[in-house]
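S.K.: Protein chains in written order, with the working numbering: chain A, 1235 to 1349; chain L, 67 to 179. Quick reminder that beta carbons are idealized off the backbone N, C-alpha and C, glycines included. Since we're looking at a predicted model, the values are computed, not measured. I'd like to ask some things about the structure below.
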Amino acid sequence: AQTVTQSQPEMSVQEAETVTLSCTYDTSESNYYLFWYKQPPSRQMILVIRQEAYKQQNATENRFSVNFQKAAKSFSLKISDSQLGDTAMYFCAFMTSSNTGKLIFGQGTTLQVKP
Amino acid sequence: EPEVTQTPSHQVTQMGQEVILRCVPISNHLYFYWYRQILGQKVEFLVSFYNNEISEKSEIFDDQFSVERPDGSNFTLKIRSTKLEDSAMYFCASNIRENQPQHFGDGTRLSIL
């Protein structure tokens, strides 16, 4: 069975600084998808970034980038130039390439951006 | 930008009662999902739904749970006889293809008394 682990329950960063959130996963599959979702206090889950396992290039989306290490089964999220609006719970999620679309989430990391 | 909408935002129900949570997925999406998040815990998959049938369900999704797409727009989750442990935030999600990012609604907070 696939599992996703986020070992940092809480993190904080000063505004404009860079922070990295860790995520590891376990799977025997070779093709899959990885996601980072953000859940602000307003509750809605918002997609931050997506990575396809067969792509070696790390995904980037403006200030957000990932460090995808397939062999190590690691998928960390780097937030550059942190902003107050980045304060949220961040979830790492895994999806197999099967046709059901099921997402498996990690426990989440609460990120506090301080002014 | 189109959104997934969920109603109600908060539902309070007596234990043993039936509850229906409603979702309107994004109109051109074909795949639909329910997840739940017990307070302080991770988001857990409940069920995926495509082409008017369940494509996968988790161990949590037992006989007390059912899903339905009664018309072209709504997607509902029914819990027949609620238990205290069903108290959680329930999220609906949809996507246009199963391997594309899922769009989530704001969630329904279900409180069982």
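1) Please list the residues of the region 1289-1302 of chain A that have a C-beta atom closer than 8 Å to any C-beta atom in chain L, keeping them in chain order.
2) In angstroms with no decimal places, state the Cα-to-Cα distance between Val1300/A and Tyr101/L.
3) For Ser1264/A and Gln1290/A, what's the separation of their Cα atoms in angstroms?
4) Under 7 Å between beta-carbons, which chain L residues line up against Thr1334/A? List them in chain order, please.
5) Which residues, taken in chain order from the region 125-151 of chain L, show a beta carbon closer than 7 Å to some beta carbon of chain A?
6) Under 9 Å Cβ-Cβ, which residues of chain L neighbour Leu1281/A?
7) Please look up how many angstroms separate the CB atoms of Gln168/L and Gly1335/A, rounded, as I've assumed it's under 8 Å.
8) For Glu134/L and Leu143/L, I'd like the C-alpha separation in whole angstroms.
9) I'd like to confirm the pairing. Which residues does DSSP put opposite Gln72/L in its beta bridges?
10) Using CA coordinates, which residue listed in Glu164/L, Asp172/L, Ser177/L, Gly138/L is at the minimum distance from Val113/L?
11) Taking contact to mean at least 3 C-beta pairs separated by less than 8 Å, is the region 1340-1347 of chain A in contact with the region 73-92 of chain L?
12) Using a Cβ-Cβ cut-off of 6 Å (strictly less than) and excluding sequence neighbours within five positions of Asp1315/A, which residues of its own chain qualify?
13) Only counting the same chain, and skipping five residues up and downstream in sequence, which positions put a Cβ closer than 8 Å to that of Gln1285/A?
14) Return no unless some Cβ of chain L is closer than 7 Å to the Cβ of Phe1210/A.
15) Against chain A, which members of the region 74-106 of chain L pass a CB distance test of less than 7 Å?
16) Nearest to Ser160/L by CA position, among Phe98/L, Ser93/L, Leu87/L, Ile86/L, is which residue?
17) Using a 10 Å radius around the Cβ and a threshold of 16 neighbouring Cβ atoms, would you call Pro91/L buried or exposed?
18) Buried or exposed for Gln1248/A, going by 16 or more other Cβ atoms inside 10 Å?
19) Just to confirm my understanding: we take Ile104/L, look at its own chain, exclude 5 residues before and 5 after, and list those with CB closer than 6 Å. What are they?
M.R.: The answer reads as follows:
1) none
2) Indexing the first sequence from 1 puts residue 1300/A at position 66. Indexing the second sequence from 1 puts residue 101/L at position 35. Roughly 25 Å separates the two Cα atoms.
3) Locating residue 1264/A in the first sequence gives position 30, where the first residue counts as 1. Locating residue 1290/A in the first sequence gives position 56, where the first residue counts as 1. C-alpha separation (whole angstroms): 13 Å.
4) Translated into positions along the first sequence, residue 1334/A becomes position 100. Chain L residues near Thr1334/A: Ser114, Ser121, Glu122, Glu164.
5) none
6) Here residue 1281/A is taken as the residue at index 47 of the first sequence, counted from 1. Correct list: Pro167, Gln168, His169, Phe170.
7) Reading the second sequence from its first residue, position 102 is the one you call residue 168/L. Reading the first sequence from its first residue, position 101 is the one you call residue 1335/A. Going by Cβ atoms, the distance from Gln168/L to Gly1335/A rounds to 7 Å, so yes, they are a contact pair.
8) Within the second sequence, the letter at position 68 stands for residue 134/L. Within the second sequence, the letter at position 77 stands for residue 143/L. Cα-Cα distance, rounded: 7 Å.
9) Walking along the second sequence from the start, residue 72/L turns up at place 6. DSSP lists Cys89/L as partners of Gln72/L.
10) Here residue 113/L corresponds to residue number 47 of the second sequence, with the count starting at 1. Looking at the Cα atoms, Glu164/L is the closest of the given residues.
11) no
12) As a first step, residue 1315/A is located in the first sequence; it is residue number 81 there, counting from the start. Ala1250, Arg1297.
13) Within the first sequence, numbered from 1, the residue matching residue 1285/A stands at position 51. Excluding residues within five positions, the ones whose Cβ falls inside 8 Å are Tyr1267, Leu1268, Phe1269, Asn1292, Ala1293, Val1300, Phe1302, Phe1309.
14) There is simply no residue 1210/A to check, as chain A begins at 1235 and stops at 1349 in what is shown.
15) Tyr97, Tyr99
16) In the second sequence, the residue the question calls residue 160/L occupies position 94. Checking every option, the nearest Cα to that of Ser160/L belongs to Phe98/L.
17) Numbered from 1 along the second sequence, position 25 holds the residue referred to as residue 91/L. With 16 or more Cβ atoms within 10 Å of its Cβ, Pro91/L is classed as buried.
18) As a working note, residue 1248/A is residue 14 in the first sequence. So Gln1248/A counts as exposed.
19) Along the second sequence, one-based indexing puts residue 104/L at 38. Counting only residues of its own chain and dropping the five nearest sequence neighbours on each side, Ile104/L has a CB closer than 6 Å to the CB of Ala154.
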